[in-house]
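The numbering used here puts the first residue of the sequence shown at 108, with every later residue one more than the last.
The C-beta atom is built at its ideal place from N, Cα and C for all residues, glycine as well.
Following: one structure in C-alpha cells, then a few remarks.
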Amino acid sequence: MIRYRGLVERSMSMYSDEVRRVHRAASLVEREGYCVWPRLREVVEFARKLDVERLGVAFCIGLSSEAEYVVNYLESRGFKVYSVCCKCGGVDKTWMELREEDKLTPGSHESMCNPVVQAEILNFVGTELNIVLGLCVGHDTLFIKYSKAPVTYLAVKDIVTGHNPLAVIYVSNYFKLRL
108 MIRYRGLVER SMSMYSDEVR RVHRAASLVE REGYCVWPRL REVVEFARKL DVERLGVAFC
168 IGLSSEAEYV VNYLESRGFK VYSVCCKCGG VDKTWMELRE EDKLTPGSHE SMCNPVVQAE
228 ILNFVGTELN IVLGLCVGHD TLFIKYSKAP VTYLAVKDIV TGHNPLAVIY VSNYFKLRL
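Now the structure itself:
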C-alpha cells in the first residue's frame with residue numbers, strides 16, 4: 108500500500124456511478140449471503156440488487172443440461188433469460204486456420220466455440236448482466252471482452268475436476284502428475 112499509494116488513489120477515482128452501483132450490490136450480497144448462499148443464489152440476489160431484468164447465460168455445450176437448469180431457475184425467480192451455446196453459428200474450426208489434425212475428430216465438421224458471437228447475441232438482445240457457465244479458458248476471456256453488460260461467473264470449465272479447479276490445490280498429491 109505504501110509502494111503503490113498513487114496507484115491506489117488513482118484507481119479509487121475510477122469508481123464512477125456505475126462502478127459504485129455494481130460494487131455496492133456485490134458488497135450487500137456478501138454481507139447477506141456470505142457462507143450461507145450457494146453461488147447460484149448469490150447471482151440472483153446480485154441481479155436483484157442491480158435491479159436488472161434481462162440476464163444472459165453464455166454456456167459450454169458440455170454443460171447444456173446444467174444451463175437448462177440454471178435458465179429455468181432464473182426464470183422462476185422472475186428474470187427474462189437469454190442463453191447462448193458456445194457452438195453457436197456452427198463455424199468449422201478450420202475457419203480459425205486450425206488444421207484437420209488439430210481437431211478432436213480430424214476429417215469431420217467440428218464447430219468451433221464462438222465466444223464473440225455469444226457476446227454479440229447477448230448484446231443484441233440487451234441483457235443487463237451476463238453469466239458465464241463453463242466456457243473454455245480463453246473463450247471466456249473473449250466473451251468478457253466483447254460483452255457490453257457486466258459479467259459474472261457461475262462456474263468455470265474443468266472437466267477433470269468436475270468443474271472445481273481448486274481441487275488440484277486441495278488434493279495436490281492426487282493431481283501432481285497432471286499439473
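> V115: buried (16+ other C-beta within 10 angstroms of its C-beta) or exposed?
Replying inline: exposed
> Taking the alpha-carbon positions, what's the R184 to V164 distance?
Replying inline: 15 Å
>> Taking the beta strand (DSSP E) that V129 belongs to, which residues open and close that run?
In response: Note, V129: premise wrong, no beta strand (DSSP E); alpha helix (DSSP H) at D124 to G140.
> In chain order, what residues of the same chain lie with their CB nearer than 7 Å to the CB of G214, ignoring the 5 residues before and after it?
Replying inline: E207
>> Once DSSP output is grouped into helix, strand and coil, what is the label at Y189?
In response: strand
>> Is L273 a contact residue of the ligand GTP, with contact defined as CB to any heavy atom under 7 Å?
In response: In the structure shown, the ligand GTP is absent, as is every other ligand, since no ligand is present at all.
> Of the choices A133, L249 and T201, whose alpha-carbon is the least far from that of V223?
Replying inline: L249
> Skipping 5 residues on each side, what residues in its chain have a beta carbon closer than 6 Å to that of F282?
Replying inline: V275
> In this structure, does DSSP put I266 in helix, strand or coil?
Replying inline: helix
> How long is the line joining the alpha carbons of H270 and V263, rounded to whole angstroms?
Replying inline: 6 Å
> Between the Cα of C192 and the Cα atoms of G233, L181, M119 and D247, which residue gives the shortest distance?
Replying inline: D247
> Cβ atoms of S172 and D199: under 8 Å apart, would you say?
Replying inline: no
> How about the region 139-157 and the region 116-123: do they share at least three Cβ pairs that are nearer than 8 Å?
Replying inline: no
> Per DSSP, G245 forms a beta bridge with which residues?
Replying inline: Paired residue(s): none; G245 is not in a bridge.
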